[in-house]
Amino acid sequence: MNRINVLLFLYAFSAIVCFDYESLTIIPKIFAGLMMVEYFIQTVHMNRPRVKGPFNWGLGCLVFMSVYCLISFAFFPYDLPGEAIINIMMILVLSYILTRIVDNVRAFDMVLVGLSFGLFIGFMMNIFVPQLDEFGRTSRYVGTLGNSNLFSLMVNFCISFLLQRYKLYSKFWRSLILIFIILAAQQVMMSGSKLGLFMYLLNILYLVFYIRIIKNTTTLVLVSILILSLSGFFITNFLMDNSEAFDRFRYLQDVFSGTRDYSDSDLLRYNLAVKGWDMWTQRPFFGWGYGAFVFLGGYNLYSHNNIVELLANTGIFGFVIFHAALIQLIVMAYRSDIRRRNSIVWTTYFALMIIVSSFAIVLFIEKLFWLLYFTMVAYLKMHTVPREIPVVTVQQLN
């Protein structure tokens, strides 16, 4: 295992474990700095040849965000903190390095192993050291990420990436992946994230019906019934009566039964989205500036909606670039020369998951999202072959 793979594992692991601990955030930064040094050694000192490729819309998006962040800081009438500038620029630098140094499949696996182990540490903390709210109830599970929605989304993103190469792993690693998925069920439920639970269900459907780990139709039907039964059992019996997550699922039950219309959280999210939409209609092309919604939205909060945040802050220009990066993943999958059909299906599936999750959290400022995105870009880039339209000669026409 080379130095790059070790550094990728350590960075991914520490980025998860140290995410919400201010005194420990220096650790992933150290590994990020070591990756920069390794990149410098390989490209300059060892005179490693640079591989040219097509324009990457993900990097283009981050360049635009970084430049717009500096412009907003210098010229726009709100106090954008310097931390926001450093954060987006560090994401840009690390993302660029990822596309250059991830040059083997083992590196792709090391990032996933690091993220999985980091999330597993969060699983253990949730179970053995649960947090309590001001009423003495068990709080929503947050792992080491400090945010229940981000925690459940990262669990689901990690599962989807593990499923991308599921058939290529040995039986031992497949068994570990299935154990991780089973443990994640309780974690996602106790996070109280409605969207996280929906995305987990999508991952299960992808595993059962597309990957088809069960070949026999009768067994498949029985397992499907079992999954539905266990899901109902978990929701009604496994969740503790004094947990905050239980209250959120009880709210869902009330909504479906027609006894309640919305919660305070839903109403706040709706008001944030309406405010963001109004801000975008006033400045549709470039928005109000990077990070403007927090300061100009009137709530001193992010919109909790990636689409609204993009439109309000960066306008239609930033919105198009961000989603062009997702489309490029699908295009790269089409041009890949390894399990092309599977890659196309998975990248389309992942892009849909990103769009769905955009309604619950602001993704374009999250380093963990970009870590996964550019890991996949580097993986597909390793297996991309040029595809040209064949030239038809006059003789062939005749």
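Numbering of the sequence shown is given in the UniProt record's numbering, commencing with residue 1 and proceeding in unit increments. Note that beta-carbon positions come from the ideal geometry of N, C-alpha and C, so glycine has one too. All values derive from a computational prediction rather than experimental measurement.
Locate the alpha helix (DSSP H) running through residue i, then write down its first and last residues.
i, result
"C61", "W57 to F75"
"T348", "R340 to S357"
"W277", "D264 to Q282"
"P28", "I26 to F40"
"N5", "R3 to V17"
"N313", "N306 to R335"
"A378", "K367 to M382"
"K167", "Element bounds for K167: n/a, residue is neither H nor E."
"Y200", "K194 to L205"
"L145", "Element bounds for L145: n/a, residue is neither H nor E."
"A360", "No alpha helix (DSSP H) holds A360; DSSP gives it neither H nor E."
"L296", "A292 to L296"
Classify residue i: buried if its beta carbon has 16 or more other beta carbons within 10 angstroms, exposed otherwise.
i, result
"Y206", "buried"
"Q282", "exposed"
"G143", "buried"
"V274", "exposed"
"Q131", "exposed"
"R165", "buried"
"F285", "exposed"
"S175", "exposed"
"V129", "exposed"
"P54", "exposed"
"N313", "buried"
"F319", "buried"
"T375", "buried"
"residue 451", "This structure leaves residue 451 out entirely; the chain is present only between 1 and 398."
"I30", "exposed"
"E366", "buried"
"E22", "exposed"
"residue 414", "The structure shown has nothing for residue 414, since the chain only spans 1 to 398."
"N149", "buried"
"D109", "buried"
"Y78", "exposed"
"E244", "buried"
"F246", "buried"
"S139", "buried"
"N126", "buried"
"L301", "exposed"
For residue i, collect the residues of the same chain with a Cβ closer than 8 Å to its Cβ; drop the 5 residues on either side in sequence, then sort them by chain order.
i, result
"F76", "W288, G289 and A292"
"G276", "F293, G297, S303, N305, V308, E309, L311 and A312"
"F359", "L195, N305, N306 and I307"
What residues in its chain sit with their C-beta under 7 Å from that of residue i, if we drop five residues either side in the sequence?
i, result
"I321", "W57, G60, C61 and F64"
"V17", "G118, I121 and T144"
"A107", "I4, N5 and L8"
"F73", "L80 and I85"
"Y159", "The amino acid occupying residue 159 in the given sequence is Ile; Tyr does not appear at that position. Cβ within range, chain order: I181, A184 and N203."
"Y39", "I97, R100 and I101"
Take residue i and list the residues in its own chain whose beta-carbon comes closer than 6 Å to its own, dropping the five residues that flank it on each side.
i, result
"S336", "S343, L380, H383 and T384"
"I88", "M65, S66 and C69"
"L363", "N306 and F369"
"L329", "T347"
"A15", "P28"
"A12", "V111, G114 and L115"
"V356", "none"
"I177", "L162"
Which residues does DSSP pair with residue i in a beta bridge?
i, result
"S243", "T138"
"L132", "T138"
**OP:** Write down every uninterrupted run of the alpha helix (DSSP H) in the stretch 78–122 whose length is 4 residues or greater and which is fully enclosed by it, in chain order.
**Re:** If you keep only unbroken alpha helix (DSSP H) runs of at least 4 residues inside the stretch 78–122, you get 82–101.
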